[in-house]
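Read left to right, the sequence shown gives residues 93 to 482 (our numbering). Idealized CB from N, CA, C, for every residue including glycine. Only a predicted model underlies this, so the values are computations on that prediction, with no experimental measurement involved. The next block holds one structure in the form of structure tokens; read it before the comments.
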Amino acid sequence: MYLMEQMMRWFGPNDPVSLSDIRQAGCTGVVTALHQIPVGDVWGTDEIEKRKKLIEEAGMKWTVVESLPVHEDIKKHSGQFKKYIENYKLSLNNLAYAGIKVVTYNFMPILDWVRTDIDFELPNGARALRFEKSAFIAFDVFLLKRPGAENDYEPGEISRAKERLEEMSEEERKTLFRNALLGLPGSDIPFTPEEILSALNTYAEIDPIKLKKHLFYFLSEVIPVAEKSGLKMAIHPDDPPFSLLGLPRVVCTEQDLNDLLNAVNSPANGICFCTGSLGARKDNDLTGMVKRIGDKIHFLHLRNTRRDEAGNFFEADHLSGDADMPSIVKEILLIMEKNKIRIPMRPDHGHQMLDDLKKKTYPGYSAIGRLKGLAELRGLEWGIFNSVFR
Ligand code: DNO
């Protein structure tokens with residue numbers, strides 16, 4: 093039976109959600125990373141083995157890494173980028189040696205995911221992550237005061253952002269500032285304004301064309317190594333899938349995915365298909381993408397967003413929101429049946445709800461909301477599987 097392999101992300105021994113919690117949720121594996129190793133350094137065999145042992149002792153397996161981060165120098169072709177690419181290859185070999193099958197990564201400059209609100213209260217009392225466009229513009233133009241930011245928006249957007257800012261208390265402004273700069277997985281330390289402004293400056297000469305070129309160069313170097321060692325690379329789309337803070341973002345659309353897949357044609361060059369990230373754009377046809385590039389999907393993040401006309405979105409229940417999850421899961425089942433494989437999947441994010449409302453976890457990664465998402469997805473998949481294949 094070619095069903096998705098159910099996994100959850102685990103941030104390592106400091107994660108308030110334990111391996112036992114994840115196992116009780118019905119997962120057979122966890123997806124993790126060695127967050128303690130500075131970006132760019134080699135992931136050594138000892139550290140990898142130590143992490144693997146912890147997971148196996150808890151009765152699960154570790155076959156998917158999320159993420160092996162790409163050093164900023166590689167994205168900019170600056171500083172020691174060649175050395176960092178060599179380090180990346182060494183890490184890949186060490187991971188393959190330990191039995192890892194899939195390595196997730198992204199190519200987003202500076203920031204990973206970006207939201208303006210990590211405690212957005214839903215009508216039922218649970219809390220979700222949200223991106224509110226006016227709040228983000230208010231942050232960019234009036235709080236961060238990024239030089240030239242006002243040129244990136246329409247005058248109407250800026251005046252709405254100003255009104256939005258005026259409604260906010262001092263405390264709310266501080267929270268917005270902190271939330272907007274949180275996006276570093278495995279860490280809850282946001283950038284300071286000075287850090288982010290100087291980091292943004294280092295991208296002044298890098299437009300989307302250049303960034304794509306740097307991505308393709310990176311792929312041409314690392315994909316052959318991955319292929320030889322039996323690993324599959326899975327690039328995570330940009331979240332949200334559009335430019336922010338004037339930074340180029342080049343993994344946003346089906347065209348972007350096709351471009352990078354065509355840049356290096358190899359079974360090792362694939363995608364982490366994140367329905368939440370890609371789904372934040374109306375012009376991304378998620379079901380069609382699975383039909384057309386499903387053979388290159390090595391890992392799945394299933395999540396749903398609800399967009400509105402103003403350009404805002406929040407993370408909805410896994411089976412509601414704008415992504416047509418039943419049709420996506422059906423296409424995934426067809427691809428797995430055709431290729432005789434099981435694709436690893438994790439319920440991406442979850443609402444903060446019930447007891448978790450009183451706990452501090454990584455934003456989006458509380459236990460109960462993810463457990464609910466996983467249970468719903470598992471039921472959906474099982475229902476479709478039984479009606480289509482039996
Ligand atoms: C957010 C995650 C991302 C993802 C990286 C992959 O919750 O989906 O942080 O792990 O972008 O490299």
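Residue i, buried or exposed, once every other Cβ within 10 Å from all chains shown has been counted against 16
{"i": "Y189", "result": "exposed"}
{"i": "S226", "result": "buried"}
{"i": "N186", "result": "buried"}
{"i": "R482", "result": "exposed"}
{"i": "S312", "result": "exposed"}
{"i": "W474", "result": "exposed"}
{"i": "S110", "result": "exposed"}
{"i": "R434", "result": "exposed"}
{"i": "D138", "result": "exposed"}
{"i": "T284", "result": "exposed"}
{"i": "G380", "result": "exposed"}
{"i": "K464", "result": "buried"}
{"i": "N376", "result": "buried"}
{"i": "D299", "result": "exposed"}
{"i": "A402", "result": "exposed"}
{"i": "G217", "result": "exposed"}
Same chain only: Cβ atoms within 6 Å of residue i, ignoring 5 sequence neighbours per side
{"i": "P483", "result": "Residue 483 lies beyond the stretch modelled for the chain, which goes from 93 to 482, so this question has no answer here."}
Contacting residues, own chain, Cβ-Cβ under 7 Å from residue i (five flanking each side not counted)
{"i": "R115", "result": "A150, G151 and M152"}
Residue i in three-state terms, based on DSSP
{"i": "Q172", "result": "coil"}
{"i": "D330", "result": "coil"}
{"i": "T453", "result": "coil"}
{"i": "I298", "result": "coil"}
{"i": "G248", "result": "helix"}
{"i": "H390", "result": "strand"}
{"i": "A220", "result": "strand"}
{"i": "F365", "result": "strand"}
{"i": "G121", "result": "strand"}
{"i": "K225", "result": "helix"}
{"i": "E213", "result": "strand"}
{"i": "L370", "result": "helix"}
{"i": "V480", "result": "helix"}
{"i": "K464", "result": "helix"}
{"i": "M93", "result": "coil"}
{"i": "F231", "result": "helix"}
Contact set for residue i: own chain, Cβ-Cβ below 8 Å, skip 5 residues either direction
{"i": "I250", "result": "I229, V233 and E242"}
{"i": "T397", "result": "G368, G371, A372, F405, F406, E407, A408, G413, D414 and A415"}
{"i": "G118", "result": "Q98, L466, A467 and R470"}
{"i": "V157", "result": "V123, T124, A125, L187, I192, V194, V195 and T196"}
Between the CA atoms of residue j and residue i - distance to the nearest angstrom
{"i": "E407", "j": "K193", "result": "29 Å"}
{"i": "E178", "j": "L352", "result": "20 Å"}
{"i": "N293", "j": "P239", "result": "10 Å"}
{"i": "C364", "j": "P436", "result": "10 Å"}
{"i": "N354", "j": "F334", "result": "21 Å"}
{"i": "W205", "j": "P332", "result": "7 Å"}
{"i": "L92", "j": "H328", "result": "Beyond the ends of the chain as shown, which are 93 and 482, falls residue 92; an answer cannot be given."}
{"i": "K305", "j": "P215", "result": "45 Å"}
{"i": "R382", "j": "I420", "result": "Sequence inspection shows Val at residue 382; the Arg mentioned does not correspond to that position. Going by the C-alpha atoms only, they are around 7 Å apart."}
{"i": "F477", "j": "M428", "result": "11 Å"}
{"i": "G362", "j": "T345", "result": "14 Å"}
{"i": "D133", "j": "H443", "result": "34 Å"}
{"i": "A459", "j": "P247", "result": "42 Å"}
{"i": "A360", "j": "I140", "result": "21 Å"}
{"i": "I231", "j": "A296", "result": "The question names Ile, yet the displayed sequence has Phe at residue 231. Looking at the two C-alpha atoms, the distance is approximately 20 Å."}
{"i": "R270", "j": "V480", "result": "47 Å"}
{"i": "L411", "j": "R265", "result": "32 Å"}
{"i": "P108", "j": "L126", "result": "16 Å"}
{"i": "E148", "j": "G136", "result": "19 Å"}
Beta carbon proximity, residue i to chain D, threshold 8 Å
{"i": "V162", "result": "Chain labels in this structure do not include chain D; a single protein chain is all it has."}
Hey, is the region 332 to 342 in contact with the region 385 to 392, meaning 3+ C-beta pairs nearer than 8 Å? no
Per the contact definition of three or more C-beta pairs closer than 8 Å, is the region 255 to 264 in contact with the region 437 to 454? At 8 Å Cβ cutoff, the stretches do not touch.
Would you check if the region 166 to 182 and the region 307 to 326 touch, i.e. whether three or more CB-CB distances between them fall below 8 Å? yes
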